[in-house]
Amino acid sequence: MEDINLTLENVASIVQHALLHQPITDMHTHLYPPTFGTPVPNRTGHTDTSGLMLWGIDQTLTYHYLVAEVFRVVPATQLPFEAFWKMTVTQQADHIWKTLFVQRTPISEACRGVLTLLERLGLDPNEKTLDSYRRFFSQQNPDDYINRVMELSGVNSITMTNPVFDDNERQRWLGMANRGPDARFKAVLRIDPILRDYPTAARRLHEWGYAVEPQPSAQSMAEVRRFLGEWLDRQQAIYIAISLPPEWTYPLGPGTTDAAALAGQTMLEQAVLPVCRQRKLPLAMMIGSRLRVQPQLRDAGDMVGRADVSAVVNLCLRHPENKFLITMLARENQHELCVAARKFGNLMIFGCWWFLNNPSLIEEITRMRLELLGTSFIPQHSDARVLDQLLYKWPHSRACIQRALTDKYRDLLHTGLRLTQSQVQRDVRLLLADNFKDFLAR
Ligand SMILES: [Zn+2]
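Number 80 in this note's numbering belongs to position 80 of the sequence shown; there are no gaps in the numbering.
What follows is the structure, given as structure tokens:
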């Protein structure tokens with residue numbers, strides 16, 4: 001087939017077309033296949049509330065982004081936190097719909113996202129109640145619905161996050177021995193307590209039959225390595241992941257006496273990084289979230305904090321045989337992190353995480369990354385926790401990436417460089433799929 005030359009006139013539509021037709025590898029989500037259970041709505045609320053596959057209008061509306069927003073409009077002085085948390089998911093969703101979508105203009109990104117996903121599903125976003133949406137979702141088969149959402153959002157591979165220290169998650173893996181994996185989903189071994197709370201991790205590991213001691217001794221480290229290896233095998237995990245607070249630093253100063261921090265660093269250097277090296281797996285670190293700053297908001301109560309990019313630099317420098325997938329939560333860290341990525345081939349920066357996952361910030365960050373890193377980064381991940389969110393997060397992000405790329409190609413055309421459609425397709429494939437896959441394979 002004839003390749004098409006880019007011109008100032010056709011470049012926008014060629015970029016749009018390329019982005020729309022490039023299957024996306026979503027490299028970080030909190031989504032699950034139906035084999036992990038799913039809360040099923042009924043008249044009195046939800047059954048199997050421990051199910052991990054979240055989908056449908058009630059889960060979408062009670063997502064913590066929207067919980068935080070509803071408490072700004074109906075504050076806890078009017079509806080106490082305890083009263084909200086006692087409501088069923090159905091009642092919470094009704095409250096959020098009425099407050100944020102009917103009585104107010106749903107202009108925030110989290111609200112707009114709900115409207116986008118309803119529109120993508122062919123539903124009218126102008127309803128005053130949730131009845132017709134609930135009817136639509138009650139007619140869906142979860143397994144088929146995953147295919148439909150993946151098709152509509154352009155995602156062909158979903159990367160999970162599988163926190164092994166969560167009992168619900170762990171039990172489901174252990175009970176799954178004779179069920180095959182779901183080819184649409186890839187696992188990620190999430191191990192926060194090993195690096196953030198060694199005493200708790202050591203106690204749990206001991207309960208599970210590993211000869212781990214309360215101190216990060218040589219024996220403890222060998223047992224943690226054994227544990228990691230067994231779970232990587234069980235999950236067929238494609239990387240190991242951890243989330244860290246803004247205060248996280250590396251290496252610790254010589255005067256550090258904080259036993260938990262010292263144990264975490266020892267575990268990182270002597271257990272986690274060696275296993276990653278041996279298996280050629282990246283360690284993903286998500287840095288900058290401060291948990292439960294407003295505890296009564298539960299999941300909605302987390303805050304952002306500016307973190308220390310030099311810790312990432314030190315990590316990449318001291319462990320050149322390891323690979324690091326890094327995202328940071330604070331807008332103020334993005335430029336420095338981008339410059340750090342110019343120095344280290346073992347550092348892959350990814351996504352516009354959580355509070356950065358807003359169009360104005362995605363566009364700003366993507367433009368800066370293109371200018372500093374060319375096409376050698378991963379512009380976005382969905383971080384979706386409710387399946388339906390794929391239906392808005394990817395279209396919204398694609399539009400930002402499209403504007404940033406189109407302007408950059410225009411700048412190149414002004415130099416007299418010849419560009420073609422197939423070059424655009426190659427760039428888009430790197431950004432939405434291959435940079436991640438190639439980094440895994442490296
Ligand atoms: Zn996440």
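Each residue gets a CB set at the ideal place from its N, CA and C atoms; glycine is no exception.
Buried versus exposed call for L20 [16 or more other C-beta atoms within 10 Å across all chains shown]:
As a first step, residue 20 is located in the sequence shown; it is residue number 20 there, counting from the start. The Cβ neighbour count for L20, taken over all protein chains shown within 10 Å, is under 16; the residue is labelled exposed.
Helix, strand or coil for K186? Go by DSSP, reduced to three states.
On the sequence shown, residue 186 is found 186 positions in, with the first residue counted as 1. Here K186 sits in strand by DSSP.
Can you give me the Cβ contacts of G180 inside the same chain, cut-off strictly under 8 Å, excluding the 5 residues immediately before and after it?
Counted from its first residue, the sequence shown places residue 180 at position 180. The beta carbon of G180 sits closer than 8 Å to no other beta carbon from its chain once the five residues preceding and following it are set aside.
Are the beta-carbon atoms of T62 and I107 separated by less than 8 Å?
Residue mapping note: residue 62 aligns to position 62 of the sequence shown, counting from 1. Residue mapping note: residue 107 aligns to position 107 of the sequence shown, counting from 1. Contact: no.
Given a cut-off of 8 Å, decide if P142 and P216 are closer than it, judged by their beta-carbon atoms.
Here residue 216 refers to the residue found at position 216 of the sequence shown. Here residue 142 refers to the residue found at position 142 of the sequence shown. Contact: no.
Own chain partners of L79 with C-beta closer than 7 Å, once the 5 adjacent residues on each side are dropped
Here the question's residue 79 lines up with position 79 in the sequence shown. No residues qualify anywhere along the chain.
Please return the same chain residues whose Cβ sits closer than 6 Å to the Cβ of A12, not counting the five positions on each side in sequence.
Translated into positions along the sequence shown, residue 12 becomes position 12. The residues are T406.
Can you find the residues in the same chain that come closer than 7 Å, C-beta to C-beta, to F227, ignoring five residues on each side of it along the sequence?
As a working mapping, residue 227 is identified with position 227 in the sequence shown. Taken in chain order, the residues that qualify are L205, Y210.
Identify which residue in K408, V313, N156, P193 has its Cα closest to the Cα of Q165.
For the purposes of this step, residue 165 is taken as the residue at position 165 of the sequence shown. Looking at the sequence itself, residue 165 is Phe, so the reference to Gln does not match. Considering only alpha carbons, the answer is P193.
Local conformation of L329 per DSSP, three classes:
Residue 329 sits at position 329 when you count from the first residue of the sequence shown. DSSP places L329 in coil when its eight states are reduced to three.
Determine the DSSP secondary structure at T266, reduced to helix, strand or coil.
Position 266 of the sequence shown, counting from 1, holds the residue named residue 266. DSSP places T266 in helix when its eight states are reduced to three.
Closer than 8 Å is the cut-off here; do at least three beta carbon pairs connect the segment 230–241 with the segment 144–163?
These segments touch.
CB P251 to CB N314, shorter than 8 Å?
Position 251 of the sequence shown, counted from the start, is the residue given in the question as residue 251. Position 314 of the sequence shown, counted from the start, is the residue given in the question as residue 314. In contact: P251 and N314 (Cβ atoms closer than 8 Å).
So what's M286 in DSSP terms, helix, strand or just coil?
Numbered from 1 along the sequence shown, position 286 holds the residue referred to as residue 286. Three-state result, M286: strand.
State the beta-bridge partners of S243 as determined by DSSP.
Looking up residue 243 in the sequence shown gives position 243. Partner(s): M286.
Any contact of the segment 47–57 with the segment 397–416, i.e. 3+ C-beta pairs under 8 Å?
By the Cβ criterion, the segment 47–57 is not in contact with the segment 397–416, since fewer than three pairs of Cβ atoms, one from each stretch, lie closer than 8 Å.
Which residue comes first and which comes last in the alpha helix (DSSP H) that contains S220?
For the purposes of this step, residue 220 is identified with residue 220 of the sequence shown, where counting begins at 1. Under the DSSP assignment, S220 falls in the alpha helix (DSSP H) whose first and last residues are 218–235.
Span of the beta strand (DSSP E), counted from its first residue to its last, around M348:
Numbered from 1 along the sequence shown, position 348 holds the residue referred to as residue 348. 347–349 is the extent of the beta strand (DSSP E) around M348.
Express the C-alpha separation of L123 and R135 in angstroms, rounding to a whole number.
Within the sequence shown, the letter at position 135 stands for residue 135. Within the sequence shown, the letter at position 123 stands for residue 123. Looking at the two C-alpha atoms, the distance is approximately 11 Å.
Figure out for me which residue from G175, H64, R418, V15 has the closest Cα to the Cα of Q475.
What the structure shows of the chain is the stretch from 1 to 442, and residue 475 is not part of that stretch, so it cannot be assessed.
Strictly by DSSP, which residues pair up with D26?
Your numbering for residue 26 matches position 26 in the sequence shown. According to DSSP, D26 bridges with I158.
Would the beta-carbon of T161 be found less than 7 Å away from any heavy atom of ligand 1?
The sequence position of residue 161 within the sequence shown is 161, counting from 1. Taking 7 Å as the cut-off, one finds at least one heavy atom of ligand 1 near enough to the beta carbon of T161.
Status (buried if at least 16 other CB within 10 Å, exposed otherwise) for K323:
Walking along the sequence shown from the start, residue 323 turns up at place 323. Its Cβ being crowded by 16 or more others within 10 Å, K323 is buried.
Looking at D438 and ligand 1, is the gap between the Cβ and the nearest heavy atom below 7 Å?
Looking up residue 438 in the sequence shown gives position 438. Flag unset: Cβ of D438 not near ligand 1.
Thinking C-alpha only, which one of I191, P245, E332 is nearest R225?
On the sequence shown, residue 225 is found 225 positions in, with the first residue counted as 1. Comparing Cα-Cα distances from R225 to each of I191, P245, E332, the minimum goes to I191.
Answer yes if the segment 372–382 comes into contact with the segment 329–348, meaning at least three C-beta pairs across the two stretches below 8 Å, and no otherwise.
Judged by Cβ distances under 8 Å, the segment 329–348 makes contact with the segment 372–382, as three or more pairs qualify.
Can you determine whether any heavy atom of ligand 1 sits closer than 7 Å to the C-beta of D383, and answer yes or no?
Here residue 383 corresponds to residue number 383 of the sequence shown, with the count starting at 1. Yes - ligand 1 has a heavy atom lying nearer than 7 Å to the Cβ of D383.
Is it buried or exposed for T7, if we count other Cβ within 10 angstroms and need 16 for buried?
Within the sequence shown, residue 7 is the residue found at index 7, counting from 1. It is exposed - the Cβ of T7 has fewer than 16 other Cβ atoms within 10 Å.
Taking 8 Å as the threshold, find out whether the segment 282–301 comes into contact with the segment 68–84 through three or more Cβ pairs.
Yes, the segment 282–301 touches the segment 68–84.
What's the C-alpha gap between I401 and L373?
As a working mapping, residue 401 is identified with position 401 in the sequence shown. As a working mapping, residue 373 is identified with position 373 in the sequence shown. Across the structure, I401 and L373 are spaced so that their CA atoms are roughly 15 Å apart.
Residue nearest to E447 in terms of C-alpha spacing, selected from A183, V155, A187, G154
Since the first and last residues shown for the chain are 1 and 442, residue 447 lies out of range.
To the nearest whole angstrom, what separates the beta carbons of W55 and L387, a pair I think is in contact under 8 Å?
Position 55 of the sequence shown, counted from the first residue, corresponds to residue 55. Position 387 of the sequence shown, counted from the first residue, corresponds to residue 387. The Cβ separation is near 4 Å, so the contact holds.
In terms of residues, what are the limits of the alpha helix (DSSP H) holding M368?
Taking the first residue of the sequence shown as position 1, residue 368 is located at position 368. Judged by DSSP secondary structure, M368 falls within the alpha helix (DSSP H) whose first and last residues are 359–373.
Could you say which of H28, E9, N5, A83 lies nearest to Y239 if we only look at CA atoms?
Counting from one through the sequence shown, the residue named residue 239 turns up at place 239. In terms of Cα proximity to Y239, the closest of H28, E9, N5, A83 is H28.
I need the DSSP call for V40, collapsed to helix, strand or coil.
Here residue 40 refers to the residue found at position 40 when the sequence shown is read from its first residue. V40: strand per DSSP, three-state reduction.
Identity of the residues DSSP links to N5 by a beta bridge
Here the question's residue 5 lines up with position 5 in the sequence shown. For N5, the beta-bridge partners assigned by DSSP are T420.
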